[in-house]
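Residues in the sequence shown are numbered consecutively from 238, following the working numbering. Don't be surprised by glycine CBs; every beta carbon is placed ideally from N, CA and C.
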Amino acid sequence: MQYKKILLTGIVCLCFQLLTAQQKTSTGTVSGIVKDKTGSPVPHATISIKRTAIATTADESGKFTLKHVPAGNCIIVISAVGFTQVEKKIAVHENTTETLVIETSAAGTTLETVSVIGRSATQLANRQSYNVTAIDAKQLHNSTLDLSHTLDRVSGVRVRETGGVGSSFNFSLNGFSGNQVKFFLDGVPMDNFGSSFQINNIPINFADRVEVYKGVVPIWLGSDALGGAVNIITGNKYRNYIDASYSYGSFNTHRSAINTAFTTRKGFTVQLNAFQNYSDNNYKVTLDVADINTGRYYPNTTVKRFHDRYHNETLVTNIGFVNKKWADKFLVGITLGKNSKQIQTGARMVSVFGAWNRSGSIIMPALKYQKRDLIIKGLDVMVNVNYNLGSEQNIDTAFRRYDWFGNYKQYEGAGSERSRTMYKFRNNIGLATTTASYKISDNHSVAINNVYSSFNRKGSDELYPDDDKYQQPQKTDKNILGLSYKFDYKERWSIMAFGKHLFQHAHTRVSYNPSGNYGDVAYKNQDNNISKLGYGVAASYFITSALQVKASYERSNRLPENEEMFGDLINQESNFDLKPEKSDNVNLGVHYSFRLNKDHRFAVSAGGIYRRATDFIYFRLNANQSMLVADNLAGVKNTGGEGEIRYSYKTWLSAGVNFTYQNIINKRKYEPGYTGVSLVYNDRMPNLPFMFGNADAAVYFKNVWKDGDNLSIGYNLLYVHAFYLYWPSQGTSKDKYGIPQQLAHDVNIIYTLKNGRYNIGLECKNITNDQLYDNFSLQKPGRGFYGKLRYFFAK
């Protein structure tokens, strides 16, 4: 009897185990696509099963897959930035795949302000292992900002301009600047876009999101960046839409932009983006001036800039197909543009010009192809090819000397204001980039990226048609190959390891004196081959769903750029013997968001950086101090940190502050040609801001006159600590030049009607009318008022 009880109990337990095992395997798969009411895909939406930990993120095409979903009835939740959350009841069957098409509608249009709201614009960017800050550009589309001024409000970033609209600028990220930081448009390098397509003339409406990678750069960007990268993501969220704007402001500044797309139900699409900028830049500056005719001296006098007009026009158009079986995106397009810039001053405002000008153009055909699940599921491929046929020209033929009153003296003969030239050149740069990624399983994925570029400069000067120096070849071929492996664990933590191989071949002909006799010049071939290997690792861990920590390391290399090797025959001398830069980059970061009851929300982030660069490329004056020349510096070390705090109250208040400190130290112990330790060894690098920050605040009023009419009032503060122009250890405090502390205050009022269809923005920049400098003696515009009208419609 006892035996039977034991046997019966065993049978019951066995049946229970079998039943439990059966229940454990009773799962199914849910896949589908998230679209808006117009039928356009919603990228990066979050899809989850209610009351479970099962969740995923849609890709760029709105597609998603949820695996191991318990069989039976459940509720799927879909949420996305700018859209109303959707909950849908579905039935999941065992070992089957349920396919869904889920529609969500746009939420009431978010009030737009010139504040950068939130550290990350999307959950996708927020969860990356890299030290990345993402800006939701859509929040800024009613402002008059261009991309450079938007980026200037990100921690760790400084954009230094030499003047007003269209002026030369230097972009610095965590102490690295110039060519050390790379720019991308939808993942495609912008190295060959020329002067007509730069971040300081691209309006914010052109972008959907901007991602700033600090330090380690992902391999899919295909870059030889030394210390970071900026990826401008344009996106085409709507199948059929129009976004048109026009702004007018001080100094006769006009900006206009139109972005539109038309897409049929069968996927045929035409996309057009166009923008223009114009400004007289005739703002007032205060300095010591003298009348060139009378010689009379006028100390501390306020005058207007009179030769600083700038304008550019750019058109980007694509035609092709989207969301087809054979391609998610297949586009053939062309970018056309031109710009013209009058040159008012030299490196300092003691030099003044009245006839010198520059111009440039871009003619760039392009091909884009993108396909998910190519041939096999999980294999995604993207290909981009373009070739720039544009040109650049420098014209300086007036033999005159100007003063700041606009008076001039005319001289006889063939002279100029600086260096007589009409030099025009075409860089003829081709670019081909290919990225392939394969998701091996839910946890494992690999990716490979290859970027090939060719450079072939051809130039001439009609003033000197027989000059041999314009006929010498200047060519490079560069290839960057990257490979990465990523492991994700239940969206809790992830780690990525990667490697990069960089190769460059450069060819030119250099001059020499074969006989030793004065004026005897001949040319000989010179070639340079460089091969470098880089590598790195990036990891992220969510201690809780609200607390994330990150760490990354990279051994990065940067190959010399074409203009650094060949010069530009205008302001920059060639140095064909330049060595590639290399740097060890370490980043640590933490991000924590929390609430104090349901009304008060906080987001806190902090990061630390370490950079140790060798063969650091910098610019110095040439032998006769008439031009710049790129050279290598033995070593530079940078340690620093940054932090940001953001706060919001309900839906009507948002505020934040960020701060950056970077200590960039010269580690070249011995100067060439000298014995003994350098006097500036361990000095902080001169002419570089080392402490700066931003603060912003905005209040929102919904349904002001009627439903759908909203008002926002915003404020932004920029702070830059004073820094020296020359080495800090040289000279006394009385005779050392410096750039004084900078405080710039901007305010704005934005009113939107009919849920964002009609928009009116008013802004005042530099409201206190302070004298602002990014570079020594080069004054930026004073107080300015600007207005913007914008119309947006999507179907």
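Requested in this report: For S748, count neighbouring C-beta atoms within 10 Å of its own C-beta (all shown protein chains included) and say buried if the count is 16 or more, exposed if not.
Outcome: exposed
**Report entry** Whole runs of the beta strand (DSSP E) within the segment 977–1012, excluding any shorter than 3 residues
**Finding:** Qualifying beta strand (DSSP E) stretches, in chain order: 979–990, 995–1002, 1010–1012.
Requested in this report: Could you please give me the residues that DSSP links to W730 through a beta bridge?
Outcome: Beta-bridge pairing links W730 to Y726, Y778.
Requested in this report: Go through its chain and collect everything with a Cβ distance to S691's Cβ below 6 Å, but skip five positions before and after it.
Outcome: Annotation for S691: G667, D714 place their beta carbon closer than 6 Å to its own, counting only its chain and skipping 5 residues before and after.
Query raised in the report: On the premise that K287 lies in contact with N310, defined as a C-beta separation below 8 Å, what is that separation, rounded to the nearest angstrom?
Result: About 11 Å; that fails the 8 Å criterion.
Report task. Look at the alpha carbon of D821 and the alpha carbon of Q435, and state the distance between them as a whole number of angstroms. Result -> 28 Å
**Report entry** Segment limits, alpha helix (DSSP H) that includes F636
**Finding:** First-last for F636: undefined, no H or E at that position.
Report task. Would you be able to state if there are at least three C-beta pairs under 8 Å between the segment 748–764 and the segment 483–492? Result -> Flag = no, the segment 483–492 and the segment 748–764 do not touch.
Requested in this report: Assuming A308 contacts T266 (C-beta within less than 8 Å), just tell me the rounded distance between them.
Outcome: Not a contact, Cβ separation roughly 11 Å.
Report task. List the residues that DSSP assigns as beta-bridge partners of E791. Result -> G773, N822
**Report entry** Exposure of L770, with buried meaning 16 or more beta-carbon neighbours within 10 Å
**Finding:** Exposed, since its Cβ has fewer than 16 Cβ neighbours within 10 Å.
Query raised in the report: Is there contact here, the segment 445–464 with the segment 986–998, by at least three beta-carbon pairs under 8 Å?
Result: no
Query raised in the report: Based on Cα-Cα distance, which residue from A759, H744, L815 lies nearest to P751?
Result: A759
Query raised in the report: Can you name, in chain order, every residue of its own chain whose Cβ lies under 6 Å from the Cβ of I456, other than the five neighbours on each side?
Result: N686, G719, S721, F735
**Report entry** Where N794 falls, given that 16 or more other Cβ within 10 Å makes a residue buried
**Finding:** buried
Query raised in the report: Looking at the structure shown, is H386 part of a helix, part of a strand, or coil, going by DSSP?
Result: Note: H386 maps to helix in three-state DSSP.
Query raised in the report: Does the beta-carbon of P909 have 16 or more other beta-carbons within 10 angstroms, so that it is buried, or is it exposed?
Result: So P909 ends up on the exposed side.
Requested in this report: Ignore the nearest five residues each way along the sequence and tell me which others in Y778's own chain have a CB closer than 6 Å to its CB.
Outcome: W730, V786
Query raised in the report: Any idea what DSSP makes of N442, helix, strand or coil?
Result: helix
**Report entry** DSSP beta-bridge partners of T539
**Finding:** T523
Query raised in the report: So is A1121 buried or exposed if we call it buried at 16+ other beta carbons inside 10 Å?
Result: Outside the modelled stretch of the chain, which goes from 238 to 1032, sits residue 1121, for which no answer is possible.
**Report entry** Beta-carbon proximity list for F420, same chain, < 6 Å, skipping 5 on both sides
**Finding:** Answer for F420: M427, V467, listed in chain order.
**Report entry** Endpoints, beta strand (DSSP E) assigned at E324
**Finding:** 323–329
Report task. Assuming N514 and R492 form a contact by the criterion Cβ under 8 Å, report the distance between their Cβ atoms to the nearest whole angstrom. Result -> 5 Å
Query raised in the report: From the DSSP output, which residues share a beta bridge with E879?
Result: Paired residue(s): G844, T897.
Query raised in the report: Excluding five sequence neighbours on each side, which residues of the same chain lie with their C-beta closer than 6 Å to the C-beta of K723?
Result: S682, M733
Query raised in the report: Residues in its own chain within less than 6 Å of L1048 by CB, not counting five upstream and five downstream?
Result: Not covered by the structure: residue 1048. The range shown for the chain is 238 to 1032.
Query raised in the report: CB-CB under 8 Å to R1020, same chain, minus the five flanking residues each way: which ones, in chain order?
Result: S487, C1001, K1002, N1003, I1004, T1005, N1006
Query raised in the report: Going by alpha carbons, who is nearest to K304 out of T289, S268, P280?
Result: Ranking T289, S268, P280 by Cα distance to K304 puts S268 first.
**Report entry** Collapsed DSSP secondary structure at Y660 in the structure displayed
**Finding:** coil
**Report entry** Opening and closing residue of the beta strand (DSSP E) in which E801 lies
**Finding:** Looking at the DSSP string, E801 is not in any beta strand (DSSP E); the run it does join, the alpha helix (DSSP H), is 799–803.
Query raised in the report: What are the start and end residues of the beta strand (DSSP E) that includes G574?
Result: That run of the beta strand (DSSP E) goes 566–579.
Report task. Pick out whichever of V314, V329, V271, A317 has its Cα sitting closest to the Cα of F301. Result -> Taking only the C-alpha atoms, the option nearest F301 is V271.
Query raised in the report: Do you know whose CA, among K605, D296, A669, Y675, lies nearest V569's CA?
Result: K605
Query raised in the report: For K451, which of R476, S949, R395 has the nearest alpha-carbon?
Result: R395
Requested in this report: Please classify I291: does DSSP put it in a helix, a strand, or coil?
Outcome: Note: I291 maps to coil in three-state DSSP.
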